[in-house]
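In what follows, a structure is listed as structure tokens, so that the remarks can point back to it.
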Amino acid sequence: MQSNTSQPKQDGWKGAKPWPEIAASLVVIGVGILGYVIWYRLSMTSVLLANVVTLIELASIGILAVRFQGWLHIVWWIWWRNRLYTGCTRANGVPIAESPPRLRRATRVSSGCWELDVQLRNGVTQADLERISDSLKSSFKATRVTIHRGDRGDRAVIEVQKKSFFRNSRSTGLQKRLRETASREIRSIPIGIDESGREVSVPLRAGGVVVGGLPGSGKSNFVHLLVAHFARLDGAKIYLVDPKRVDLTGWQHRATRFGVSQDDAISILDEVIGAMTERYQELEQLGKRGSGSDMAPMLVVFEEVTALIAGPRAKAIEERLRQVMALGRAAGIMVVLVAQRPGVDTLAGSLRDLAETRIAFRTSTPDMSDTILGRGSATSGFDASKITADMRGVGYLSTGEREPTYMRCHLVDDTTLQELQRSSLPPEMGEED
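-13 is the number of the first residue of the sequence shown in my numbering; add one for each residue after it.
Right, here's the structure in full:
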């Protein structure tokens, strides 16, 4: 699974000679002073003439400002360079304090978010920057600072978050997105926003997904989002297994199959495996390779999967899940495994490894965060145990192709959820197209 975000508008300054912009600034200042002197002199004899001169002055300043707006970038670049130097020199005991990186570009990604492209010098590494992230955060007066790899070995990108879009924000754009989900032609499902306010989405045909987090962290909210989108897709089939009989019962009328026990889970997986086999045969006959994009999507959700693989028929369920997760993506099948505390003793490592996409909502320990996202994630700064209880729906989305994305799912309240469930289409019980 891959998180997709809208392409940001880049607004920065890189390496241009500042003299034209500085000269333009001096001209603007000179025009302002001259205009004030003329206005002051003329206002004593002719108010009308003074007003005309003022309008001409304002028009001239406006034209110059538009023509030479790059001088504002110079000011920003100088400010960021100063803050970067200050943040590095305050980091006592770290080699980077003696050789701070050189700022190459300051890019405004979105409202409240900047990216600084820096060149590392004198043996300084990305790890050195990560060690002083708290010092940089204080210097930039930011809510969050994240270090990313650059396009070269001696480059790094510092993402500076000046403000967060997470708090005091509910289901922004959710209803509009749900209305747009009307056919199988869509390629991704929007699930929320990142800390910069950019949309975060997951591919429609994502394969295996593992979702973990403490009760109330937002796991069920994420599942409701997926089911709500799939329920509006033409011909989509939805298979739900909920041993607690609480979280997913509201979608029972929309589900192709709904189960609560181990026997139900095995029966559902056998049906899914049969459908998957038929799709592979169809692809083989048509001579196609890939994801079977012409086929109706299928969603298989196992709520609280650890309860299903801990009983007497656990081995049979694991074997079937492993088969579907390994081969289902090419047949257009998404398998979602949800667990409160997914660990090596509760969820087989082979199942987690088959899940390309992992979402860690609030956890109790860094080790639990590592279990979901991968070993070493917490020490690299992607620690879901640091998410506070009041930030429901906030977590880390890992696709395996890049660093985890800090994001927040669209939050669905009870009233909206009931409306979505009532308005969902009945399941397609006929043959596939």
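Glycine included, every Cβ here is placed at the ideal spot set by N, Cα and C.
Out of 134, 314, 307, 202, which one is the CA nearest neighbour of residue 338? 307
Buried/exposed call for residue 230, threshold 16 Cβ in 10 Å: exposed
Short check: CB of residue 347 to CB of residue 187, under 8 Å? no
First through last residue of the alpha helix (DSSP H) which encompasses residue 301: 300 to 313
In angstroms, rounded to a whole number, what distance separates the CA positions of residue 114 and residue 200? 33 Å
Which same chain residues, not among the five before or five after residue 223, have their C-beta less than 6 Å away from its C-beta? 242, 284
Residue 170 in three-state terms, based on DSSP: For residue 170, the predicted structure reports a pLDDT of 48, less than 50, and the residue's modelled location is therefore unreliable. The matter cannot be settled from this model.
Spatial distance of residue 410 from residue 384 (CA atoms): 29 Å
Rounded to whole angstroms, what is the Cα-Cα separation between residue 290 and residue 341? 16 Å
Could you check how far apart the C-beta atoms of residue 103 and residue 111 are, in whole angstroms? I think they sit under 8 Å. At roughly 16 Å, the Cβ-Cβ gap does not stay under 8 Å, so residue 103 and residue 111 are not in contact.
Does the Cβ-Cβ distance between residue 232 and residue 322 come in under 8 Å? no
In the structure shown, what three-state DSSP assignment does residue 410 receive? coil
My understanding is that residue 213 touches residue 250, with C-beta atoms under 8 Å, so please give their C-beta distance in whole angstroms. Actually they are not in contact, since the Cβ atoms of residue 213 and residue 250 sit about 17 Å apart, beyond 8 Å.
What's the call for residue 180, buried or exposed, on a 16-neighbour Cβ count within 10 Å? buried
DSSP three-state label for residue 203, please. coil
In the DSSP assignment, what are the bridge partners of residue 224? 285
Looking at residue 309 and residue 259, is the spacing between their C-beta atoms short of 8 Å? yes
Less than 8 Å between the C-beta atoms of residue 86 and residue 99, yes or no? no
Quick one: residues in its chain with C-beta nearer than 6 Å to the C-beta of residue 178, no 5 flanking neighbours on either side, listed in chain order? 186, 393, 394, 395, 396
Going residue by residue through the segment 351 to 406, where are the continuous beta strand (DSSP E) segments of at least 3 residues, counting only ones entirely within it? 380 to 384, 391 to 395
Relative to the alpha-carbon of residue 182, which residue among 368, 298, 90, 96 has its alpha-carbon at the smallest distance? 96
Is it buried or exposed for residue 408, if we count other Cβ within 10 angstroms and need 16 for buried? exposed
What first and last residue would you give for the beta strand (DSSP E) that runs through residue 198? 194 to 198
Where does residue 269 fall in DSSP's three states? helix
CA nearest to the CA of residue 68, picked from 120, 116, 107, 126: 126
For residue 403 versus residue 210, is the C-beta spacing smaller than 8 Å? yes
Contact check, residue 320 vs residue 191, beta carbons under 8 Å: yes
Residue interval of the beta strand (DSSP E) (run including residue 244): 243 to 245
Residue burial classification, residue 381 (beta-carbon count within 10 angstroms, cutoff 16): buried
Please classify residue 419: is it buried, with 16 or more other beta-carbons within 10 angstroms of its beta-carbon, or exposed? Residue placement at residue 419 cannot be trusted, given a pLDDT of 34 that sits under 50; what the coordinates show is reported in the next sentence. Exposed, because fewer than 16 other Cβ atoms sit within 10 Å of the Cβ of residue 419.
Classification of residue 355 by the beta-carbon crowding that lies within 10 angstroms, buried from 16 upward: buried
Leaving aside the five residues before and after residue 379 along the sequence, list all residues of the same chain whose C-beta is less than 6 Å from its C-beta, in chain order. 204, 207, 394, 395, 397
Which residues mark the beginning and the end of the beta strand (DSSP E) in which residue 322 is found? 319 to 325
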